[in-house]
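Student: Numbering (our numbering), first residue to last: 13 to 147.
Following this line, the structure appears as C-alpha coordinates:
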(Lines of atoms letter the chains of each structure in order from A and count residues from 1; the text may use other names and numbers.)
(Lines give C-alpha, C1' and ligand atoms only; values in the text may rest on other atoms or scores of the structure.)
Protein backbone atom coordinates (compact mmCIF):
# COMPACT_ATOMS: atom_id res chain seq x y z
CA UNK A 1 0.00 0.00 0.00
CA UNK A 2 1.39 3.36 -0.94
CA UNK A 3 2.04 5.95 1.78
CA UNK A 4 -0.60 8.16 0.17
CA UNK A 5 -3.24 5.42 0.36
CA UNK A 6 -2.26 4.57 3.94
CA UNK A 7 -2.64 8.23 4.92
CA UNK A 8 -6.01 8.50 3.19
CA UNK A 9 -7.16 5.35 5.02
CA UNK A 10 -6.09 6.76 8.39
CA UNK A 11 -7.67 10.15 7.76
CA UNK A 12 -10.98 8.61 6.70
CA UNK A 13 -11.10 6.44 9.84
CA UNK A 14 -10.22 9.42 12.05
CA UNK A 15 -12.92 11.52 10.38
CA UNK A 16 -15.51 8.75 10.83
CA UNK A 17 -14.78 8.64 14.55
CA UNK A 18 -14.89 12.44 14.83
CA UNK A 19 -18.32 12.47 13.17
CA UNK A 20 -19.50 10.16 15.96
CA UNK A 21 -17.90 12.36 18.62
CA UNK A 22 -14.94 10.07 19.36
CA UNK A 23 -11.33 11.18 19.83
CA UNK A 24 -9.10 8.32 18.68
CA UNK A 25 -5.72 7.28 17.38
CA UNK A 26 -5.41 5.48 14.05
CA UNK A 27 -2.45 3.36 12.97
CA UNK A 28 -1.79 1.85 9.55
CA UNK A 29 0.89 -0.81 9.15
CA UNK A 30 2.28 -2.41 6.01
CA UNK A 31 2.08 -6.14 5.31
CA UNK A 32 5.14 -6.82 7.46
CA UNK A 33 3.64 -4.95 10.42
CA UNK A 34 5.84 -1.84 10.12
CA UNK A 35 4.09 1.41 10.97
CA UNK A 36 3.24 3.56 7.93
CA UNK A 37 0.91 6.15 9.44
CA UNK A 38 -0.07 7.25 12.96
CA UNK A 39 -2.72 9.91 13.56
CA UNK A 40 -3.87 10.86 17.05
CA UNK A 41 -6.68 13.29 17.73
CA UNK A 42 -5.77 15.95 20.26
CA UNK A 43 -7.98 14.62 23.06
CA UNK A 44 -7.40 10.90 22.47
CA UNK A 45 -6.04 9.11 25.52
CA UNK A 46 -2.30 8.67 25.95
CA UNK A 47 -2.63 4.89 25.53
CA UNK A 48 -4.37 5.09 22.16
CA UNK A 49 -1.37 5.32 19.78
CA UNK A 50 0.23 2.18 21.24
CA UNK A 51 -3.08 0.33 21.34
CA UNK A 52 -4.03 1.27 17.76
CA UNK A 53 -0.61 0.18 16.51
CA UNK A 54 -0.92 -3.09 18.42
CA UNK A 55 -4.33 -3.79 16.93
CA UNK A 56 -3.07 -3.19 13.39
CA UNK A 57 0.06 -5.31 14.01
CA UNK A 58 -2.05 -8.12 15.48
CA UNK A 59 -4.47 -8.13 12.52
CA UNK A 60 -1.67 -8.29 9.95
CA UNK A 61 0.40 -10.81 11.93
CA UNK A 62 -2.43 -13.30 12.35
CA UNK A 63 -4.21 -12.42 9.09
CA UNK A 64 -7.39 -12.06 11.11
CA UNK A 65 -9.43 -9.06 12.16
CA UNK A 66 -9.00 -8.52 15.89
CA UNK A 67 -12.72 -8.73 16.67
CA UNK A 68 -12.62 -12.32 15.38
CA UNK A 69 -9.53 -13.00 17.48
CA UNK A 70 -11.38 -11.95 20.63
CA UNK A 71 -13.58 -15.05 20.42
CA UNK A 72 -10.88 -17.37 19.09
CA UNK A 73 -8.48 -16.60 21.96
CA UNK A 74 -10.75 -16.90 24.98
CA UNK A 75 -9.41 -18.96 27.92
CA UNK A 76 -9.70 -22.65 27.14
CA UNK A 77 -9.65 -22.13 23.37
CA UNK A 78 -6.76 -23.65 21.35
CA UNK A 79 -5.45 -20.20 20.37
CA UNK A 80 -5.70 -18.63 23.85
CA UNK A 81 -1.91 -18.25 23.99
CA UNK A 82 -2.04 -15.51 21.35
CA UNK A 83 -3.10 -13.09 24.10
CA UNK A 84 0.23 -13.64 25.90
CA UNK A 85 2.41 -12.82 22.90
CA UNK A 86 4.39 -9.58 23.17
CA UNK A 87 2.75 -6.86 21.09
CA UNK A 88 -0.53 -8.69 20.49
CA UNK A 89 -3.60 -6.58 21.23
CA UNK A 90 -6.73 -8.71 21.12
CA UNK A 91 -9.45 -6.06 21.19
CA UNK A 92 -11.84 -5.01 18.44
CA UNK A 93 -10.63 -2.30 16.08
CA UNK A 94 -7.89 -3.99 14.04
CA UNK A 95 -8.75 -4.84 10.42
CA UNK A 96 -6.73 -6.32 7.60
CA UNK A 97 -6.32 -4.31 4.41
CA UNK A 98 -6.57 -6.61 1.40
CA UNK A 99 -6.55 -5.95 -2.32
CA UNK A 100 -6.22 -8.08 -5.41
CA UNK A 101 -6.20 -11.20 -3.26
CA UNK A 102 -3.16 -10.03 -1.28
CA UNK A 103 -2.66 -8.81 2.26
CA UNK A 104 -1.50 -5.18 1.95
CA UNK A 105 -1.42 -4.18 5.62
CA UNK A 106 -3.81 -3.39 8.44
CA UNK A 107 -5.49 -0.54 10.27
CA UNK A 108 -5.97 -0.18 14.01
CA UNK A 109 -8.25 2.28 15.79
CA UNK A 110 -8.26 2.96 19.54
CA UNK A 111 -10.15 5.38 21.73
CA UNK A 112 -13.81 5.01 20.80
CA UNK A 113 -16.04 3.53 23.51
CA UNK A 114 -15.51 -0.16 22.82
CA UNK A 115 -14.11 -2.39 20.13
CA UNK A 116 -17.28 -2.30 18.05
CA UNK A 117 -17.05 1.49 17.71
CA UNK A 118 -13.32 1.26 16.88
CA UNK A 119 -14.19 -1.37 14.26
CA UNK A 120 -16.87 0.85 12.70
CA UNK A 121 -14.38 3.70 12.24
CA UNK A 122 -11.77 1.35 10.74
CA UNK A 123 -14.38 -0.05 8.34
CA UNK A 124 -15.33 3.47 7.25
CA UNK A 125 -11.67 4.11 6.48
CA UNK A 126 -11.46 0.94 4.41
CA UNK A 127 -14.60 1.85 2.51
CA UNK A 128 -13.09 5.24 1.62
CA UNK A 129 -10.12 3.63 -0.15
CA UNK A 130 -11.79 0.46 -1.48
CA UNK A 131 -11.34 1.52 -5.12
CA UNK A 132 -7.59 2.00 -4.58
CA UNK A 133 -7.00 -1.52 -3.29
CA UNK A 134 -7.51 -3.52 -6.47
CA UNK A 135 -4.07 -4.27 -7.82
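Cβ atoms here follow ideal geometry from the backbone N, Cα and C, with glycine treated the same way. Here the structure is a predicted model, which means the values were calculated and not measured.
So is residue 131 buried or exposed if we call it buried at 16+ other beta carbons inside 10 Å?
Tutor: buried
Student: Note down, in chain order, each residue of its chain lying with its Cβ closer than 7 angstroms to the Cβ of residue 91, except the 5 sequence neighbours on either side.
Tutor: 84, 85
Student: Measuring CA to CA, which of 142, 99, 16 is closest to residue 150?
Tutor: It is not possible to answer for residue 150, since the shown part of the chain is limited to 13 through 147.
Student: Residue 122: which of 13, 51, 47, 98 sits nearest, CA to CA?
Tutor: 51
Student: Which word fits residue 89, buried or exposed, when buried means at least 16 other C-beta atoms lie within 10 angstroms of its C-beta?
Tutor: exposed
Student: For the alpha helix (DSSP H) containing residue 121, list its first residue and its last residue.
Tutor: Not the alpha helix (DSSP H): residue 121 falls in the beta strand (DSSP E), residues 114 to 122.
Student: Given a cut-off of 9 angstroms on the beta-carbon distance, is the pair residue 29 and residue 40 in contact?
Tutor: no
Student: DSSP puts residue 47 in a beta bridge; with which residues?
Tutor: 41
Student: Would you report the Cα separation of residue 43 and residue 27, rounded to the nearest angstrom?
Tutor: 24 angstroms
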